[in-house]
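K.L.:
The structure follows.
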Amino acid sequence: MNAETFKQVQTDFAAYIRNPEKSEKPANIEQRRLNVYSELFYNNVESFIASGFPVLRSLYTDDAWHEMIRDYFSRHRAKTPHFPEMAQEFIDYLNSEFEPRDFDPPFILELAHYEWVESAVMLSAADINDVKCNPNGDLLDEQPVISPLAWRLSYHWPVHEISVDNMPDEAPDQPTFIIVYRSREDEVGFMQINPVTARLLNLLDDESNPMTGRQALQHIADELKHPQPESIIQGGLDTLRQLRKKDIIPGTRLVQQD
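Following this line, the structure appears as structure tokens:
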């Protein structure tokens, strides 16, 4: 068998494994063996995706779920062979190749992304202990530092509340802001925040315009035209303390000595 023929055999075999119902059976391979390989590959992929997106899986009947996963398995061309990165490949599929069916919920992509983030934060190579900061620094008069393991998310849908018993038909007027984070003890958690806290974190994370906690809160009070800026600052301090307790803010920026 020459190289070109062998390459064609591999191509035909892979096509059949991906979608045996729509591909021709490769020649000279026993059907029983083909069935074993086809079921083994598909079941591994399906099981991994189902475990990575448990809420999404729970919203579908078996037939509807397997139809979608078979479409992913047969059409999507993954960029990585690593199983831990398969969830990202499924997100890419939903973003670019998936064709929603009449019964697919409108929030499918946002829900899948939210479920993926949890595993992505857990598997991230970033280490909060590498962040150079003062863990006991003054959160108002120094510059709070945001953890690289605190992912700030904004969704049209309340993805953290979706379940079989709670499937909204319309997105609420206000977006949902969530932080998914990993603590120093490598525990992953999530925290829903309001628009003011989301704005505060955006200001503190702007490296082109570094701000102390007080400056950022004063900036927000000015934007809101709040008649009592000090109440915004004091309320913001409570929020900053809560964020530090969760390791979302591991500390304040170290002051460079001249």
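Residue numbers (the working numbering): 498 to 755. Every residue gets a Cβ at the ideal spot worked out from N, C-alpha and C, and that includes glycine.
How about Pro707 and Ala718: do their beta carbons lie closer than 8 Å?
P.N.:
No, the pair does not count as a contact, with Cβ atoms beyond the cut-off.
K.L.:
With respect to the alpha helix (DSSP H) encompassing Val661, which residues constitute its N-terminal and C-terminal limits?
P.N.:
Unbroken run through Val661: none, as it is neither H nor E.
K.L.:
Tell me whether Thr558 is buried or exposed, calling it buried when 16 or more other Cβ atoms sit within 10 Å of its Cβ.
P.N.:
Exposed is the call here.
K.L.:
What does Trp613 pair with, by DSSP beta-bridge criteria?
P.N.:
Its beta-bridge partners do not exist; DSSP assigns none.
K.L.:
Any idea what DSSP makes of Gly764, helix, strand or coil?
P.N.:
Because the chain spans 498 through 755 in this model, residue 764 falls outside it and cannot be assessed.
K.L.:
Decide if the region 626-640 is in contact with the region 739-755; the criterion is three or more beta carbon pairs, one per stretch, under 8 Å apart.
P.N.:
The answer is yes - the region 739-755 touches the region 626-640, with three or more Cβ pairs under 8 Å.
K.L.:
Is the beta carbon of Val552 less than 8 Å from the beta carbon of Val614?
P.N.:
No, they are not a contact pair.
K.L.:
Which whole-angstrom value is the C-beta distance of Phe604 and Val656, which I expect to be below 8 Å?
P.N.:
The Cβ separation is near 7 Å, so the contact holds.
K.L.:
Taking the C-alpha atoms as reference points, what is the distance between Thr694 and Leu637?
P.N.:
Spanning the two alpha carbons is a distance of roughly 15 Å.
K.L.:
Does DSSP put Trp648 in a helix, a strand or coil?
P.N.:
It is a strand residue.
K.L.:
Compute the Euclidean distance between the alpha carbons of Pro597 and Arg711, then round it to the nearest angstrom.
P.N.:
Each residue's alpha carbon lies about 47 Å from the other.
K.L.:
When the Cα atoms are used, what is the spatial distance from Val661 to Ile566?
P.N.:
Rounded to the nearest angstrom, the two C-alpha atoms are 19 Å apart.
K.L.:
Report buried or exposed for Met583, applying the criterion of at least 16 other Cβ atoms within 10 angstroms of its Cβ.
P.N.:
Counting Cβ neighbours within 10 Å, Met583 comes out buried, since at least 16 surround it.
K.L.:
Grab me the residues of Met619's own chain with a C-beta within less than 7 Å of its C-beta, minus the 5 sequence neighbours each way, in chain order.
P.N.:
For Met619, where only same-chain residues beyond five positions count, the Cβ hits under 7 Å are Arg679, Val685.
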